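Novice: Quick one: this structure, given as structure tokens, is what I'll be asking you about.
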Amino acid sequence: MKNLLYFILLFTLITSCSVKEKPIFIKVDNVKVTSFKGDTIRLKAQAFFENPNDVGGKISTDEIKVIVNGAEVAQVSSDEFEVPARKEFSIPLLVVIPAKKVFDNNKNGILGGLLNSFLNKSIKVQFTGDLKYTVFGYSSIYPIDQIQEIKF
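Mapping of the sequence shown onto full-length UniProt numbering: residues 1 to 152, in sequence order.
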């Protein structure tokens, strides 16, 4: 009888604390220029997520590509970060953009596209890459492919 009670308690605990979904990517906000040197532009930003799961875990990003108006301008990285259960949370991101990609005069440079975007008062930013979500030693990789139209 005691073993049956332990089994039911353990079974209930395991099934109620399950990982049902990946963390939901909401947006990137609070973008600030931290430095602008001759060869690189460094930005700080916050990536906002929501964890719909009953348990927390850890999340890490590695090499998320930032594509502005169709041209890849940077890759974003972040340290491993604790994810709270059933809450919205944000991850600090560091973006390093090679200045050459912005100021190139060839078709891959995006300065002309950025100027056009400023005239049109909107810019299309796409984030593509993978999130690694780890819970109780088990990790899953979830793809991100998010496009945001930023109006200013």
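By construction, the Cβ of each residue, glycine as well, lies at the ideal position given by its N, Cα and C atoms. Just so we're clear, the structure is a prediction, and the values are computed from it rather than from any experiment.
Does the Cβ of residue 64 have 16 or more other Cβ atoms within 10 Å, making it buried, or fewer, making it exposed?
Specialist: Buried, since its Cβ has 16 or more Cβ neighbours within 10 Å.
Novice: Please return the same chain residues whose Cβ sits closer than 8 Å to the Cβ of residue 145, not counting the five positions on each side in sequence.
Specialist: The answer, listed in chain order, is 126, 127, 128.
Novice: Should residue 3 go down as buried or exposed, given a rule of 16 or more other Cβ atoms within 10 Å for buried?
Specialist: Its Cβ having fewer than 16 others within 10 Å, residue 3 is exposed.
Novice: Return the CA-CA distance between residue 30 and residue 48, expressed in angstroms with no decimal places.
Specialist: Straight-line Cα distance between these residues: approximately 10 Å.
Novice: How should residue 83 be labelled, buried or exposed, when 16 other C-beta atoms within 10 angstroms of its C-beta is the threshold for buried?
Specialist: Answer is buried; the Cβ neighbour count reaches 16.
Novice: In its own chain, which residues sit with a C-beta less than 8 Å from the C-beta of residue 40, not counting the 5 before and 5 after it?
Specialist: Taken in chain order, the residues that qualify are 96, 97, 98, 99.
Novice: Could you tell me if residue 74 is buried or exposed, where buried requires 16 or more neighbouring beta carbons within 10 angstroms of its beta carbon?
Specialist: Buried is the call here.
Novice: Kindly give me the distance between the Cβ atoms of residue 50 and residue 80, rounded to whole angstroms, as I take these residues to be in contact under 8 Å.
Specialist: At roughly 19 Å, the Cβ-Cβ gap does not stay under 8 Å, so residue 50 and residue 80 are not in contact.
Novice: So, are the CB atoms of residue 35 and residue 61 less than 8 Å apart?
Specialist: The answer is no: Cβ separation not under 8 Å.
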